[in-house]
Amino acid sequence: MPATTVWQAMSLTYQRDLVLAFRRWEQVAQPVVFFLMVTTLVPLALSPELNELRQIAGGVLWIAALLAALLGLEFLYRADHADGTLEQMLLSGQPLALLAIAKTAAHWTACGLPLVLVSPLLAVSLGVLPGALGTLMLSLALGTGILSALGAVGAALTLGLRRGNLLLSLLVLPLTMPALIFGARAVDMAVHGEVARGPMLLLAAMCVLSLTLAPLAVSAALRISLE
Amino acid sequence: MTWTWFHKLASPPHFYRIAGRLAPWFGWPAFLLIVVGLYGGLVLAPADYQQGEGFRILYVHAPSAWLSMFVYATMAIAAGIGLVWRIKLAHAVAAAAAPVGAWFAFLALATGSMWGKPMWGTWWVWDARLTSELILLFLYMGFIALRASIDERERADRAGAVLALVGIVNLPIIHYSVYWWNTLHQGSTITKIGKPSITFDMLWPLLAMMFGFTLYFGAVLMTRLRAEVIRRERDASWLRGELA
Amino acid sequence: MNWSGFLAMGGYAAYVWPSFGLTLIVLIHNVWAARRLHESARNEALRRIDSAGSGS
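Protein chains in written order, with this note's numbering: chain A, 1 to 227; chain B, 1001 to 1244; chain C, 2001 to 2056.
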């Protein structure tokens, strides 16, 4: 019987993670609801004036999305660690970094993507005009991708630690600040009618960089945490 | 050239003794340089044309900022060496260096803030360098917190090493992003912090302070390392001969 | 040496002196803390050696 190829292993991991994620709806819904609620806090705290909200919409949406995605990171390895699946992956002989990519991709699909899809609604509620929505969604897609990649490193390092979630946030947030800077700026530019090419390209570059390097760190971290 | 001296360095008893002998060679020159630098900076250097006597804070702010970055680099490189070549002493260097670096980062922020108040009118400004320094402090705290929350020493060493390496790769990106972000809002914070036009009699005390601080770090590191080595080697037989 | 001028630091005294003071405190603290760490590690190690010696 032919051994499983790397591609098969990756796609099986991806599919399995997605099935498990969607089996429990709360896990998928929580980050989205959090995103919604945080965005609602802003007009309540500041002003119902759409003209004012529009000025800060880019930053607010980005911060809320980042925090929501951070919430979703907890589930990345916890269940697999608890039932021993993670160790099986380690022992399987498949390249751990590639399996990490598959898990990160699944995490993004189950957590980041819903945030991206919901963002236009929230953006409109903050006064953002339709012309900027495309940039918003694209920038958030890249940003949540970066967070999934970097967050996976943090999750792998803090595997099984008590209060690991809080520590995870402290470790990951500084690393995501560059993405936040350029992402929020991109949305801001779009809101004011400019083409946000520069920041978007930088954001895309950061995304590629993190997707390339983070899985290596994840695989090293998983070995360290499990041995 | 044989590498035996390098291998000997990685042996804890040998390193313990060397660190003990090196410490005063770092410490006393550091003390001298800092005293001389302080005198030069506080008394001899002429007042700055724009900032008056206030600019003298440079003499403690700049060395602190420089050290905070130098120590992080040291920490990350040591951790990387420990991870790749599995040298336990290298992990000890990273562990010993981190709190010192964090103190320097804090000092850079505090002195920067005290410098800023008379210059810009507020205790804090989201100036590129201060913001960048703040993020560096977060990275330090993350490293220290991660190590502290893992009980098994080997796991703590190696997890911390991965984090430090991820941090050092991100550091240039963070630095560049923050500078770029700061230039977006030119109007509010055109900062002159750290940039008085500098003549030689203003410069030499600064260099003295920089070298002094760096040697100071060497001295403190050697002492902390000796403590680390003892703790890590608690049950080793060489300790008895060395300490008793 | 104009002492009162020196201490006044051209009006910036309230910022200059605390900065230098804080720096000195941090520098001294780190030296003290390092030495204390070393000493307590030594003492603990010696205690372990002694108890191992007398216990066996």
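In this text, a Cβ means the ideal position worked out from N, Cα and C, and glycines have one as well. Since the structure is predicted, the reported quantities are computational estimates derived from the model, not experimental observations.
Rounded to the nearest whole angstrom, the C-alpha separation of Tyr1216 of chain B and Leu1058 of chain B is 18 Å. When Cβ pairs closer than 8 Å are counted between the two stretches, the segment 1153–1160 of chain B is seen not to touch the segment 187–204 of chain A, the count staying below three. No Cβ of chain A is located within less than 8 Å of the beta carbon of Val1060 of chain B.
Apart from the 5 residues on each side of it in sequence, Phe75 of chain A sits with its Cβ closer than 6 Å to the Cβ of Gln27 in its chain, given in chain order. The residue among B:Glu1053, B:Asn1170, B:Gly1020, B:Leu1165 with its C-alpha nearest the C-alpha of Ser2019 of chain C is B:Glu1053. For a Cβ distance threshold of 9 Å, nothing in chain A lies close to Phe1026 of chain B: the least Cβ distance comes to about 31 Å.
The beta carbon of Met1114 of chain B falls within 8 Å of a beta carbon belonging to chain C, placing the residue at that interface.
Rounded to the nearest whole angstrom, the CA to CA distance from Met1202 of chain B to Pro1046 of chain B is 7 Å.
Close to chain B, meaning a Cβ-Cβ distance shorter than 8 Å, are the following residues of the segment 172–188 of chain A: Leu173, Pro174, Leu175, Met177, Pro178, Ile181, Phe182, Arg185. When only Cα atoms are considered, Ala9 of chain A and Ala97 of chain A end up about 12 Å apart. When B:Ile1198, B:Gly1167, B:Asp1151, B:Ala1019 are compared, the shortest CA-CA separation from Gly1080 of chain B is found for B:Gly1167.
Assignment of beta-bridge partners to Gly1052 of chain B by DSSP yields B:Asp1048. Per the coordinates, the alpha-carbon of Gln30 of chain A lies some 30 Å from the alpha-carbon of Asn51 of chain A. In this structure, the straight-line span from the alpha carbon of Ala155 of chain A to that of Pro1024 of chain B is close to 42 Å. Here the alpha carbon of Thr1223 of chain B sits roughly 15 Å from the alpha carbon of Val1071 of chain B.
The beta carbon of Ile2049 of chain C falls within 8 Å of a beta carbon belonging to chain B, placing the residue at that interface. Minimum Cα-Cα distance from Ile1173 of chain B among the listed residues A:Leu180, A:Asp80, A:Trp108 corresponds to A:Leu180. Look at Pro48 of chain A here: in three-state DSSP terms it is coil, with no helix or strand label. Non-local beta-carbon contacts of Leu90 of chain A in its own chain, meaning distances under 8 Å to residues more than five positions away in sequence, involve Leu96, Leu222, Arg223, Leu226 in chain order. When DSSP states are grouped into helix, strand and coil, Asp188 of chain A belongs to the helix group. Taken through DSSP and simplified to helix, strand or coil, Arg1021 of chain B comes out as helix. Look at Leu1163 of chain B: its C-beta is under 8 Å from a C-beta on chain A.
The contact set of Ser2019 of chain C on chain B, defined by CB atoms closer than 8 Å, consists of Ile1057, Val1060, His1061, Ala1110, Thr1111, Met1114, Trp1115 in chain order. Excluding the 5 residues flanking it on each side, Leu150 of chain A has same chain C-beta neighbours closer than 7 Å at Val172, Leu175, Thr176, Ser210, Ala214, in chain order.
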